[in-house]
Amino acid sequence: VQLQASGGGLVQAGGSLRLSCAASGSIFRISSMGWYRQAPGKQREWVAIITSGDSTTYADSVKGRFTISRDNAKNTVYLQMNSLKAEDTAVYYCRVVTHTPSLIYWGQGTLVTVSS
Numbered sequence: 096v097q098l099q100a101s102g103g104g105l106v107q108a109g110g111s112l113r114l115s116c117a118a119s120g121s122i123f124r125i126s127s128m129g130w131y132r133q134a135p136g137k138q139r140e141w142v143a144i145i146t147s148g149d150s151t152t153y154a155d156s157v158k159g160r161f162t163i164s165r166d167n168a169k170n171t172v173y174l175q176m177n178s179l180k181a182e183d184t185a186v187y188y189c190r191v192v193t194h195t196p197s198l199i200y201w202g203q204g205t206l207v208t209v210s211s
């Protein structure tokens, strides 16, 4: 199973980016898909999660600015990021959790840099 994340880059504060993460390989029974991020010198933190039932949860720091969505047919999760701030600068990782068996997969990360 591989998770391929893309869409990162350099953007000015106030701008937008859309991240994508496609899961390939033998991956079944996806329970949730999500995005995490890790800023330089900080621990990895969760950003947004979407369940198999399309229920979404956001970290307070991104609520109202970021939107997570998924395409089940493509096993792909997206993160639309609007009104970006310098503090959103980080490497963004996608994560997929399956059930039966319960497994966690991580993508390789994509760098988002927001200039102020």
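Each residue of the sequence shown is one higher than the last, beginning at 96 in this note's numbering. Where a beta carbon is used, it is the ideal one built from N, C-alpha and C, also for glycine. Here the structure is a predicted model, which is why all the values come from computation and not from measurement.
Using DSSP's beta-bridge definition, name the partner residues of residue i.
{"i": "residue 143", "result": "130, 153"}
{"i": "residue 99", "result": "117"}
{"i": "residue 208", "result": "105"}
Mapping DSSP to helix, strand and coil, what is residue i?
{"i": "residue 181", "result": "helix"}
{"i": "residue 118", "result": "strand"}
Please classify residue i as buried or exposed, where buried requires at least 16 neighbouring CB atoms within 10 angstroms.
{"i": "residue 195", "result": "exposed"}
{"i": "residue 212", "result": "Shown here, the chain extends from 96 to 211; a query on residue 212 therefore has no answer."}
{"i": "residue 168", "result": "exposed"}
{"i": "residue 183", "result": "buried"}
If you measure between the beta carbons of residue i and residue j, is that distance less than 8 angstroms?
{"i": "residue 131", "j": "residue 188", "result": "yes"}
{"i": "residue 177", "j": "residue 160", "result": "yes"}
{"i": "residue 185", "j": "residue 133", "result": "yes"}
{"i": "residue 211", "j": "residue 181", "result": "yes"}
Rounded to whole angstroms, how far is the Cβ of residue i from the Cβ of residue j, which I believe are closer than 8 angstroms?
{"i": "residue 204", "j": "residue 99", "result": "11 angstroms between Cβ atoms; not a contact."}
{"i": "residue 96", "j": "residue 121", "result": "7 angstroms"}
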